[in-house]
Amino acid sequence: MQPTTKASRFFDLVDQREYAFCQTINRLVQFGPALGYFQLVSKLGDGWFWYVLILSIPFFAPEQGPGLALLMALTGLTCTITYKLLKRRLIRERPFISFPSINCGTPPLDRYSFPSGHTLHAICFQTMLFMAVPALAVAILPFTLSVAASRVVLGLHYPTDVAAGALIGGLMGYGSMAYLFDDAAKLF
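The opening residue of the sequence shown carries number 3 in this note's numbering; numbering runs sequentially from there.
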């Protein structure tokens, strides 16, 4: 049993308020095609899509691509460390754990819910792409939005987990591009 903290008491209150919305969105898993789509998006959002994208960016944008790819890889690593530290510190149970009526559409990668690491990475990379290669960013936007939606649809996250992941990821992506991109580009 986890100790009760201010964060856990806060999340208990917020969880109750988000439960009905989560349950409604989670009903999509009852439809086979929707479940299959969001499971696939979730699996690709585990990192596979982003790894392929990072490796292929030098081909999409030969001049800035190598520096951008390096910066995305390093920023992605920073994102992973950030969300893992936050999850261990804030300890919010996933919706399907707290509310048995919410179905788990795919196995989670870790135990806790806040913030959504999938969304954090997706929005971080999306932000970086919008700042460096806007045409590619527009093409990838539907995938990014699907990753964020998949977290609630599959019963793995609350909307506030997704919103927090998006905010943190957006700030990390923007900060990385604003302060480090020129230096990364000079390496190549």
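Backbone N, C-alpha and C define an ideal beta-carbon position, used for all residues, glycine too.
#1: With H, G and I counted as helix, E and B as strand and the rest as coil, what does DSSP make of residue 85?
#2: Would you list, in sequence order, the uninterrupted alpha helix (DSSP H) runs of no fewer than 4 residues that lie entirely inside the stretch 4 to 51?
#3: Secondary structure at residue 114, three-state DSSP: helix, strand or coil?
#4: Looking only at its chain, what residues have a beta carbon closer than 6 angstroms to the beta carbon of residue 163, apart from the 5 residues adjacent to it on each side?
#5: What separation, rounded to the nearest whole angstrom, lies between the Cα atoms of residue 69 and residue 49?
#6: Is the separation between the beta-carbon of residue 138 and that of residue 62 shorter than 8 angstroms?
#7: Would you report the Cα separation of residue 120 and residue 21, rounded to the nearest angstrom?
#8: Tell me, please, whether the stretch 86 to 93 touches the stretch 148 to 155 by the rule of three or more beta-carbon pairs shorter than 8 angstroms.
The structure says:
#1: Along the sequence shown, one-based indexing puts residue 85 at 83. Helix, per DSSP.
#2: 8 to 28, 34 to 45
#3: Here the question's residue 114 lines up with position 112 in the sequence shown. The answer is strand: DSSP assigns residue 114 an E or B state.
#4: One-based indexing of the sequence shown puts residue 163 at position 161. Only 115, 116, 117, 118 meet the Cβ criterion.
#5: Counted from its first residue, the sequence shown places residue 69 at position 67. Counted from its first residue, the sequence shown places residue 49 at position 47. C-alpha separation (whole angstroms): 20 angstroms.
#6: Looking up residue 138 in the sequence shown gives position 136. Looking up residue 62 in the sequence shown gives position 60. A contact, by the Cβ cut-off of 8 angstroms.
#7: As a first step, residue 120 is located in the sequence shown; it is residue number 118 there, counting from the start. As a first step, residue 21 is located in the sequence shown; it is residue number 19 there, counting from the start. Straight-line Cα distance between these residues: approximately 21 angstroms.
#8: no
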